[in-house]
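Accompanying notes for the structure given below.
2 protein chains.
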Amino acid sequence: MTNKYYMPTRVIMGKDCITENSELLRALGKKALIVTGAQSAKRNGSERDVKTALESVGIPYLVFDKVMSNPTISCVYEGASLAKENGVDFIIAIGGGSPMDAGKAIALLAVQAIEEESLFSGHYENKVLPMAFVPTTAGTGSEVTQYSILTNDKAQTKTSIASDLLFPTVTFLDAKYTEHLGVITTINTAIDALSHAVEGMLSVRASMVSNALAVSCIQMFMNCVPDMLQALQSGSEVFDLQQREQLLQASLMAGMVIAQTGTTAVHAMGYSLTYFKNIDHGRANGLLLGEYLKLVERVQPDLTARILAAMNFSRAEQFQKLVNKLLGAKEKISSAEIEQYCKLASQTKNIGNSVVKPTEEDLRTMFTQSFAN
Amino acid sequence: MTNKYYMPTRVIMGKDCITENSELLRALGKKALIVTGAQSAKRNGSERDVKTALESVGIPYLVFDKVMSNPTISCVYEGASLAKENGVDFIIAIGGGSPMDAGKAIALLAVQAIEEESLFSGHYENKVLPMAFVPTTAGTGSEVTQYSILTNDKAQTKTSIASDLLFPTVTFLDAKYTEHLGVITTINTAIDALSHAVEGMLSVRASMVSNALAVSCIQMFMNCVPDMLQALQSGSEVFDLQQREQLLQASLMAGMVIAQTGTTAVHAMGYSLTYFKNIDHGRANGLLLGEYLKLVERVQPDLTARILAAMNFSRAEQFQKLVNKLLGAKEKISSAEIEQYCKLASQTKNIGNSVVKPTEEDLRTMFTQSFAN
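Protein chains in written order, with the numbering used here: chain C, 1 to 373; chain R, 1001 to 1373.
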C-alpha cells in the first residue's frame, strides 16, 4: 500500500512569535481579513498581537468576528462575501478549531464560486487565499491540517471539506494565548489532541512517521495528566507556561498525525454527540475513545499494546478509567438517540478509515457502554 | 526563542510507489532531466521505474548520469548547462546523497545565473525547477531537506547550499531499491541517519517535533542493530524488506529532523575525514559521534540521558562501544592531520549550532580519542 506524508504549513513557535515574525505576514498579501470569534481572541491578547504585527508591516485589515462554536455553512459564506467585497488578499484566523476551520472555508470561497451543494465534494479549482493561523486552544490541530469541519444541518452532522489547498501557509504557536483557558476547556481540548494521536495509530493510513508523532503526543499528554487531575480537584488553574507549551505542541503533533491518517470511528460517533447533544467535541471523543480502544484490543491486541505502552498502561481499561476521571459525571443518552447516532456514524468515511471497522452492533454497544458509569 | 517546523516536500512511500503515482510527475512539467550516478540506479531498478513512470504519462527525458560520490561544484554546473540547453522543466534525482544533492544545485542553477563565488551565499532569486527525488540508500535524508552539500575545493571541505527553495517537490521512497546494498554501505548510511537524529537532539534548534522524530529514528536504528552485527559476522546480507523499510523510514525521519535543526560539531569534524581521508560520510560521523556524546554528557547529562534512553543505554560509553563494533578497524590519523582538521572544523557554522560548543582543545581531544582503539 502506498503511504504518504505531506504537511507544507510553515510552523513558527515560541513566545511573541507573531510580533517577532511580522515579515512573514507581509509575504502573504497587501490586505488581510482577520477571522475570529466574538470574544476570546480579544481577551487572550492574540488579536492585539496580530494587529500589532500587521500594523508594523503596514498591512490594512478588516475583522470578521462572527464565528460561533461549530461554525455553520452560512457563517463561512458570509465571511467569504466580506472578503470578496473588500478585496482582501489573505486570511488570518485566530482562535480554537472553529475560527480556523471557518477561516479555511472562507479562504477557499473568497476566490472560487462554489455552490453549497458542492462544498464538500473535494473538487475545487487550484486556488485559495493564503492563510496565517493563530491557535488559542491546544487541541484541534486545525492549524496544520487540510480539513475544515463545518456544521452541516442537511446531513445532521459535522462534515469536513478536505483539500490540500486548505493547509495554512503559516501558523504561529504562542502558548501564552492558552494561559487563561479554564480547567474544563484545557482538559477537553487536550483530550481532542489525544484522540487525534490515538486514532491516527488506529487508522488504515498510519505510517511510521505519523506513529512517531502520535507516540510523542500521547507521552506529552500523559506528562500533563497529574496536573489536570489536581486542577479538577482543586478547581483552580495549576498549569504553568511550560505545560501549556507542552499541550500546544502535543496538539500540533496530533494535527500533523491526522493530516496524514484522518480520524476513525471515534470521531464518526462523536459528531452526533456534538450536533444533537451539544457535547464539546473533545469531550465527545474522550467519552467514546476508551470503549473503541477496548474493541480494538479484542481484535488487534498488538496494535493497542503499542498505544498503551506510550501511556505505561497494559490494558485499554486502565486508559478508559483515567479518561473517565478526567471527564467527570457523564451525560445521559437514550436508546432512541443511540439508534439514530449509530445510523449516522455508520455512513461516515471515518469508519472505513479505521483498521478495526465497527459493525452497527459494535457502534450500539460502544455508545451504550461509553455512557454507563 | 522562536522555533520552527517546515518541510513542504510531499513524501510517497511504499512498494512500486513511483510507477503507481506517475501522475505526480506530470504535474511537474513537460520535460525531465534525470540526475544520477553512473551505475547503481541502473542496477537497483530505480532508473528503469522512473523511465517507465515518465513514459506512462508521455514525458520525454534526458539522463545526466555523471554525478560522482561527494559531487563537485563543476559537476553541478555541467548538469545545469545540460538542463538549460535542453529546456527541461524539472529534475528527477535518483541515488544516494550525491545525486540528490547535485540534483538540487542543478535545479537552482538551471534557472538562475549564479557565479561560483555566490553559490553558497544563501541569497537567491525565488525560483527553482520542481524536483522529484528517489533515494536508493537509507541515510542521507536529502530527499526531505533544504540542503545541497557539495565538495568545495577552495574551502577544502564540504559546503552546503541551504535554501527553502531546495526542498524537493515530491519524494518517492521504495525500499526495494536498497535491497542490494552491501553490508558496509547499509551500516554506514544507517549510521549517517542515526547521526542526524542524535545531532538533531544536540542542536540549539531542537524542538519537541524534531525530538519526537529523532527518538523514533534512534529506536528504529536500534531495532536493526542485531541484524547489522550478525551481517558483519557472517559477511552476508541478512536484512529483509521490512528492515530495509525501517531503515529507509528512519533515514526519512532523520532528514526531517535536520531540516529543522541542522547538524552539529560531529558533521563539522566529519567533513575533513571525508574530504582529506576519503572516509565515507556516514562512517566519518559514526567515528566521531560517541566521543562528542561523551563530551556533552559531561556538561549536559540530562540532554544525553534523553538520547541514550531511546537506545536503552544509560552511559554514552555504551553507545560508543556499540558504534565501534559496527565500524570495525579504524583508520589512522596523524597529529598534523588533527591540527588541520580542528582549524577547519572550528570555522564551521555547525559548531555554533551545537548546544555544547567544543573548544579547539575539545576538538583535538575528540579527534584523538575517536581514532584510539
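Note that the Cβ used here is the ideal one computed from N, Cα and C, for glycine as well. Note that the coordinates shown come from a computational prediction; the quantities given were computed from them, not determined experimentally.
- Exclusion of the five residues before and after C:Ser207 leaves Asn3, Tyr5, Gln260 as the residues of its chain whose Cβ lies within less than 7 Å of its Cβ.
- R:Gly1095 and R:Ser1069 have their C-alpha atoms some 10 Å from each other.
- Using a CB distance cut-off of 9 Å, C:Gln112 does not count as an interface residue toward chain R.
- For C:Glu20, at least one C-beta of chain R is nearer than 9 Å to its own C-beta.
- In the three-state scheme derived from DSSP, where H, G and I count as helix and E and B as strand, C:Gly95 is classed as strand.
- For the pair of segments examined, the segment 181-199 of chain C was found to touch the segment 242-260 of chain C: the number of CB pairs separated by less than 8 Å reaches three.
- A distance of 9 Å or more separates the beta carbons of R:Gly1037 and R:Val1076.
- Residues of chain C with a Cβ closer than 7 Å to the Cβ of R:Ala1310 do not exist; the shortest Cβ-Cβ separation is about 11 Å.
- Exposed is the label assigned to C:Arg43, since fewer than 16 other Cβ atoms lie within 10 Å of its Cβ.
- C:Leu173 has C:Met13 as its beta-bridge partners, per DSSP.
- The segment 221-239 of chain C makes no contact with the segment 266-284 of chain C; the number of CB pairs closer than 8 Å stays below 3.
- Proximity of C:Asn3 to chain R, defined by a Cβ-Cβ separation below 9 Å, is satisfied.
- Against chain C, a Cβ distance below 7 Å from R:Tyr1124 picks out nothing, because the smallest value is about 16 Å.
- When DSSP assignments are scanned along the segment 241-272 of chain C, the uninterrupted stretches of alpha helix (DSSP H) that are 4 or more residues long and fall wholly within it turn out to be 241-261.
- When R:Thr1140, R:Lys1051, R:Leu1165 are compared, the shortest CA-CA separation from R:Ala1105 is found for R:Leu1165.
- Residues of the segment 156-171 of chain C that bring their beta carbon within less than 7 Å of a beta carbon in chain R are absent altogether.
- For R:Pro1008, the secondary structure class from DSSP, reduced to helix, strand or coil, is strand.
- According to the DSSP secondary-structure assignment, C:Tyr61 is paired through a beta bridge with C:Ala32.
- Note on the segment 1116-1198 of chain R: whole beta strand (DSSP E) runs with a minimum of 3 residues are 1131-1135, 1147-1152, 1157-1162, 1170-1173, in chain order.
- Exposed is the label assigned to R:Arg1306, since fewer than 16 other Cβ atoms lie within 10 Å of its Cβ.
- Counting only the Cα atoms, R:Tyr1341 lies some 15 Å from R:Asp1153.
- In terms of beta-carbon proximity, R:Ala1132 stays away from the interface with chain C, with every pair separated by 9 Å or more.
- Within chain R, the C-beta atoms nearer than 7 Å to that of C:Cys17 come from Thr1002, in chain order.
- In the three-state scheme derived from DSSP, where H, G and I count as helix and E and B as strand, C:Phe313 is classed as coil.
- Taking 9 Å as the threshold, the shortest C-beta distance from C:Gly14 to chain R falls below it.
- From the beta-carbon of C:Tyr271, no residue of chain R is found nearer than 9 Å; the closest lies around 28 Å away.
- Under a criterion of Cβ atoms nearer than 9 Å, the residues of chain C adjacent to R:Met1208 are, in order, Met13, Ser216, Met220, Glu245, Gln246, Gln249, Ala250, Leu252, Met253.
- Residues are counted here when their Cβ sits less than 8 Å from a Cβ of chain C; for the segment 1302-1330 of chain R the count is zero.
- For R:Ser1074, the three-state secondary structure derived from DSSP is helix.
- Nearest Cα to C:Ala53 within the set C:Ser354, C:Phe120, C:Lys343, C:Asn21: C:Asn21.
- At a Cβ-Cβ threshold of 9 Å, C:Pro135 and C:Gly29 do not count as neighbours.
- Between R:Val1170 and R:Ile1333, the CB-CB gap reaches or exceeds 9 Å.
- In the displayed model, R:Ser1354 falls within a strand according to three-state DSSP.
- For C:Leu213, the nearest beta carbon of chain R is closer than 9 Å to its own beta carbon.
- Residue-level contact by beta carbon fails for R:Arg1026 and chain C, as no gap is shorter than 9 Å.
- Taking C-alpha positions only, R:Gln1318 is separated from C:Val111 by approximately 59 Å.
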